[in-house]
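Student: Have a look at the structure that comes next, please.
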Amino acid sequence: MPEPDAPLTMTGGLNEQVKNNPALESRIKKLTEDDIVVTVVPPGRDGTRLQELRGMVPSPGQTHLLKPSAKFLENAAKRCGSLGFRVLRVGRYSVTVSGPANLIRELLGVELGVFAKPRMDAVPSVRAFAGAMTQPRPSDLYVAPVQSLTVPAQAEEIHDYVFIPPPILFESPDPPPGLPYHHVPLDRIPQLLNVPALATGDGVKVAVVDTGFYKHPYYSKRGLQYKPVATNTSPNPENDINGHGTAIAANVFSTASKGEVLGFQSSGTNPAALEDAGDSEADIISCSWGWNQEQSFPVLELTINDILEEGKIVLFAAGNGHFAWPGSMPGIISVGGVFFDENSELQASTFASGFQSSLYPGRRVPDISGLCGKGPKGIYIPLPCPPGSEMDKANSGPVFPPGDTTVEGDGWTVASGTSSATPQIAGVIALLVAKARAKGIKLDCARVKSILEQSATAVEKGRNAFGFPATGNPNVAVGFGLVNATAALNLV
Amino acid sequence: MKATLHVRPEGDDPKARPAKDRVQKAASALSKEGFDVLHVGRFGVSVSSDQEKFARVLGVDVKAGKVVQVAPQHEELKDLVDILQVDSEPEYFG
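If you're matching them up, the sequences are chains Y and U in order. First residue of the first sequence: 1024, per my numbering; consecutive thereafter. First residue of the second sequence: 10, per my numbering; consecutive thereafter.
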């Protein structure tokens, strides 16, 4: 019989994980102080021990003989009350009660331990073989008896005490509802970028080169053409540990609902992913990454120019307070950020870059802008991401700001940057390509850039991440302003 | 350590795309020298090896910078490759 006031036992190597982790230590302290919730199971109507039906529960319609009578449930609740438990709910088959650890130890004669629920990892191999190696988060911890989750009772009114671990959360295909702050959902973007209802970019392929492309139910539920592409250098593009690629790809579909995203997992300065994207059937290549201080790499630069010469349309993000390269290359479409504010006004995003290149004389970055949140974190657009990925963790937290009010591990993040603005514009370009294709016209990058610049909505308010004002049109904060899909389509 | 080597084109224009067989030749020579060839691209070959091999075969200190001029001892490589860029992860903007 364990001592009533014995400390909770750390199971499954948790001792090591908790060491030097104040968040886990604090959670365990709280678990020690909090009451423990127990499901109390009375006998079934015919006296059946309900816990013994695991794997043999009858089909709906055949359960009436098993369902405990109201009297059985009431007796169980009364008994729990007399034992010192707090009755939380009398249900159909059980009674939910709570009580302190010492009461449970004393009454049930069990040793209580702290467990961590298994955490899904973004990498399938880790999921399958090394789940225990994943560092638990405070919300993963729970208390239960060390020996078994079911403890037989010594009372007539109660057959078993059952400790049900917290469930593993699966990512929702839908964005978190009711965010309590100003934000722009993906389905609002078409209106803000003036996308005509009938323009869908049907069949136009957009290559997105990024961290990976997890198969999130957001994409499958909506029937979106979201296709990770396996290559020699990246044979498993669905493994997206970072989560950035999975998240930002959703922006393409916000403006080109019937476009096709080909996801190429990038590999740093190794030009393989870009070359694979260039060799694919995609007309448009969208890249939401780069290096700061215009640090350039010759093989990559030659490769990008070669892809442009082949007639592909290449976009790069201008950076979030970075002097980004390749976002400053003259031949590509450089994308900055405009913030649609709480008063429905457009202003330069304080999170997005805009600068005069020191590498290419006369080059003003960006050319054009998409939608982007404001500093310091750009929490603005709810985006799907792999549960437990770096993107999922980065902004999660209950209080805005600095948190985005999403739960860590829920497969959603609220984020933005020129990373989101770039694929939004890639989607708009897909609309232009679809229209041009129908008219037998081939658009190249220079022509598309000119169309977007001529048709953009001027933005001459606010300052960008460097404090440069959006003065005049074009300006160094946002280029020619916010992309306007309807006006651009009229120029094709 | 991963890096990409630029393959010198045959003509006078250093920005021209090298012939495919030159890029392939460079990949074979690097492979013979013990490098793991990761990707044979349009303008270069991406390889992986330890710092010592980069120093011994290509005459470069890969810690010295992200983009460095190579000085191979190997006759064939001397004619084929000129610049090495050390692989580095980009920043993702959002």
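Every residue gets a Cβ at the ideal spot worked out from N, C-alpha and C, and that includes glycine.
Nearest-angstrom Cα distance between K29 of chain U and L1325 of chain Y?
Tutor: Taking the straight line from one Cα to the other gives about 15 Å.
Student: Which bits of chain Y does G74 of chain U rub up against, with CB to CB less than 9 Å?
Tutor: Chain Y residues near G74 of chain U: none, gap ~10 Å exceeds 9 Å.
Student: For F1320 of chain Y, which three-state DSSP category applies?
Tutor: DSSP places F1320 of chain Y in coil when its eight states are reduced to three.
Student: Where does N1418 of chain Y fall in DSSP's three states?
Tutor: Helix.
Student: Give the interface partners of S1439 of chain Y over in chain U, defined as CB-CB distance under 7 Å, in chain order.
Tutor: Going along chain U in sequence order, the residues near S1439 of chain Y (Cβ under 7 Å) are G103.
Student: Given this structure, state the Cα-to-Cα distance separating A1479 of chain Y from A1493 of chain Y, to the nearest angstrom.
Tutor: Between A1479 of chain Y and A1493 of chain Y, the C-alpha separation is close to 14 Å.
Student: Are there any heavy atoms of the ligand SAH lying less than 6 Å away from the beta-carbon of S1311 of chain Y, as far as the coordinates show?
Tutor: The ligand SAH is absent from the structure shown, which contains no ligands of any kind.
Student: According to the neighbour-count rule (16 or more other Cβ atoms, all chains shown, within 10 Å of its Cβ), is T13 of chain U buried or exposed?
Tutor: Buried: at least 16 other Cβ atoms inside 10 Å.
Student: Give me the residue from U:A25, U:G20, U:M10 with the minimum Cα distance to P1321 of chain Y.
Tutor: Out of U:A25, U:G20, U:M10, U:A25 has the C-alpha closest to the C-alpha of P1321 of chain Y.
Student: Compare the C-alpha of P1188 of chain Y against each of Y:V1061, Y:I1448, Y:C1468 and name the closest.
Tutor: Nearest C-alpha to P1188 of chain Y: Y:V1061.
Student: So which residues on chain U does D1329 of chain Y lean against when the C-beta distance must stay under 9 Å?
Tutor: Within chain U, the residues near D1329 of chain Y are R26, R51, F52.
Student: So, with DSSP's three-state summary, where would you put V79 of chain U?
Tutor: Correct three-state label for V79 of chain U: coil.
Student: Quick one: which chain Y residues come within Cβ less than 9 Å of E100 of chain U?
Tutor: The answer, in chain order, is W1312, G1313, W1314, N1315, G1342, N1343, H1345, A1347.
Student: Are the C-beta atoms of R1150 of chain Y and some chain U residue less than 7 Å apart?
Tutor: Low local confidence applies: a pLDDT of 49 at R1150 of chain Y is under 50, so the model's placement there is unreliable, and no value is given.
Student: Please work out which residues of its chain come closer than 7 Å, Cβ to Cβ, to Y101 of chain U, disregarding the five sequence neighbours upstream and downstream, and give them in chain order.
Tutor: Excluding positions up to five away in sequence, the list is empty.
Student: Pick helix, strand or coil for V1499 of chain Y, following the three-state DSSP scheme.
Tutor: Here V1499 of chain Y sits in coil by DSSP.
Student: Here's a check: name, in chain order, each residue in its chain whose Cβ is nearer than 7 Å to the Cβ of S1351 of chain Y, leaving out the five neighbours to either side.
Tutor: E1317, S1357, S1380, L1382, Y1383, R1386, V1388.
Student: Do you know how far the Cα of N1343 of chain Y is from the Cα of S1545 of chain Y?
Tutor: For chain Y, the structure presents residues 1024 to 1515; residue 1545 of chain Y sits outside this window and is missing.
Student: Pull the bridge partners of S1309 of chain Y from the DSSP assignment, please.
Tutor: BP columns for S1309 of chain Y point to Y:V1231, Y:L1338.
Student: Any beta carbon from chain Y within less than 7 Å of D96 of chain U's own beta carbon?
Tutor: Judged by the 7 Å Cβ criterion, D96 of chain U is in contact with chain Y.
Student: With a floor of 3 residues, list each beta strand (DSSP E) that falls wholly inside the segment 1043 to 1131 of chain Y, ordered by position along the chain.
Tutor: List check, beta strand (DSSP E) in window: 1059 to 1064, 1109 to 1113, 1118 to 1122.
Student: Just to confirm before moving on: does the CB-CB distance between S1257 of chain Y and L1285 of chain Y stay below 7 Å?
Tutor: No; because the gap between Cβ atoms is not below 7 Å, this pair is not in contact.
Student: I'd like to check one pair, V90 of chain U with V77 of chain U: are the Cβ atoms closer than 7 Å?
Tutor: Result no, Cβ atoms of V77 of chain U and V90 of chain U do not sit closer than 7 Å.
Student: Please name the residue or residues paired with L1325 of chain Y in a DSSP beta bridge.
Tutor: None; L1325 of chain Y has no bridge partner.
Student: Compare the C-beta of S58 of chain U against all C-beta atoms of chain Y and say whether one is closer than 7 Å.
Tutor: So, not an interface residue.
Student: Could you round the C-beta distance between F1287 of chain Y and D1299 of chain Y to whole angstroms and report it? I think they count as a contact, below 8 Å.
Tutor: Going by Cβ atoms, the distance from F1287 of chain Y to D1299 of chain Y rounds to 5 Å, so yes, they are a contact pair.
Student: For the beta strand (DSSP E) that contains H5 of chain U, what are its first and last residues?
Tutor: Lying before the first or after the last residue shown, residue 5 of chain U is absent from chain U, which here runs from 10 to 103.
Student: Alpha carbon to alpha carbon, what distance is there between D1415 of chain Y and G1434 of chain Y?
Tutor: Going by the C-alpha atoms only, they are around 6 Å apart.
Student: Report the three-state DSSP secondary structure of G1450 of chain Y (helix, strand or coil).
Tutor: Three-state result, G1450 of chain Y: helix.
Student: Taking the straight line between their C-alpha atoms, what separation do you get for T1292 of chain Y and F1339 of chain Y?
Tutor: If I take the Cα positions, the gap works out to 15 Å.
Student: Going by alpha carbons, who is nearest to P99 of chain U out of Y:N1265, Y:P1424, Y:V1471?
Tutor: When only C-alpha atoms are compared, the closest one is Y:N1265.
Student: For the alpha helix (DSSP H) containing V1166 of chain Y, name the first residue and the last one.
Tutor: Per DSSP, V1166 of chain Y belongs to no alpha helix (DSSP H); it is in the beta strand (DSSP E), 1164 to 1168.
Student: Output yes if chain Y places a C-beta closer than 7 Å to the C-beta of K40 of chain U; else output no.
Tutor: Strictly speaking, residue 40 of chain U in this sequence is Ser, with Lys absent from that position. Output row for S40 of chain U: interface = no.
Student: Can at least three beta-carbon pairs, one atom from the segment 1045 to 1060 of chain Y and one from the segment 1113 to 1124 of chain Y, be found at a separation below 8 Å?
Tutor: At 8 Å Cβ cutoff, the stretches touch.
Student: Whole angstroms is fine: what's the gap from T1071 of chain Y's alpha carbon to L1089 of chain Y's?
Tutor: Whole-angstrom Cα-Cα distance: 7 Å.
Student: Determine the chain U residues that contact H1267 of chain Y at a beta-carbon separation under 7 Å, and present them in chain order.
Tutor: Within 7 Å Cβ-Cβ: Y101.
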